[in-house]
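Residue numbers for the sequence shown, in my numbering: 5 to 150. Idealized CB from N, CA, C, for every residue including glycine. All values derive from a computational prediction rather than experimental measurement.
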Amino acid sequence: MEQIINEDTPLYSISSAARMLGISVHTLRMYEKEGLFLPHKTESGHRLFSNRDIERLKCIRKAINEMKFSIAAIRNIYSLIPCWDIVQCSESERNSCIAYNNYGKPCWSYDHKDNICKNLICKKCEVYINYSDCHKIRDSIKNIRK
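As structure tokens, this is what we get:
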């Protein structure tokens, strides 16, 4: 059976991803721990990275190196992505949603209970997938007032 490879297919080991990005393996693990991205993990616990993961990490690196953003600033920016609007949460779901009622962390870094996201796999959620691009994040924040 042939495997179809797309931008979400886990292809690269952590060392290959680190080499591609010009950073250390330790830095990638720290970004993961900080909730900036969700790598694919094999059954044995090895991290694998897709092309979309690499693009997200390039965006993170650009924010740190060129814009001088801290990791906390990036987490705060990710927390502004209007996930409640994207997945169409009801008002009652919003009221009980930790991501909606807090800030400082992206929605995919919370343990969701009693809301629409509790049965979703965050790595496969459209919020996580569609907002790996720096420009899309900026555009979604710009459109909040519209």
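**Request:** Using beta-carbon positions only, say whether G39 and S144 come within less than 8 Å of one another.
**Result:** no
**Asked** Which ranges does the alpha helix (DSSP H) cover as unbroken runs of at least 4 residues, wholly within the stretch 57–104, from first to last along the chain?
**Response** 75–83, 87–90, 95–99
**Item:** Collapsed DSSP secondary structure at K117 in the structure displayed
**Value:** coil
**Burial state of S28 (16 or more Cβ within 10 Å)** = exposed
**Neighbour-count burial assignment, A22, 16 or more Cβ in a 10 Å radius** = buried
**Request:** Would you tell me roughly how many angstroms separate the C-alpha atoms of S74 and I81, rounded to the nearest one?
**Result:** 11 Å
**Request:** Determine, using beta-carbon pairs with one atom in the stretch 50–63 and one in the stretch 6–18, whether at least three such pairs fall under 8 Å.
**Result:** yes
**Asked** Can you tell me whether DSSP reads L32 as helix, strand or coil?
**Response** helix
**Message:** So, with DSSP's three-state summary, where would you put S136?
**Reply:** coil
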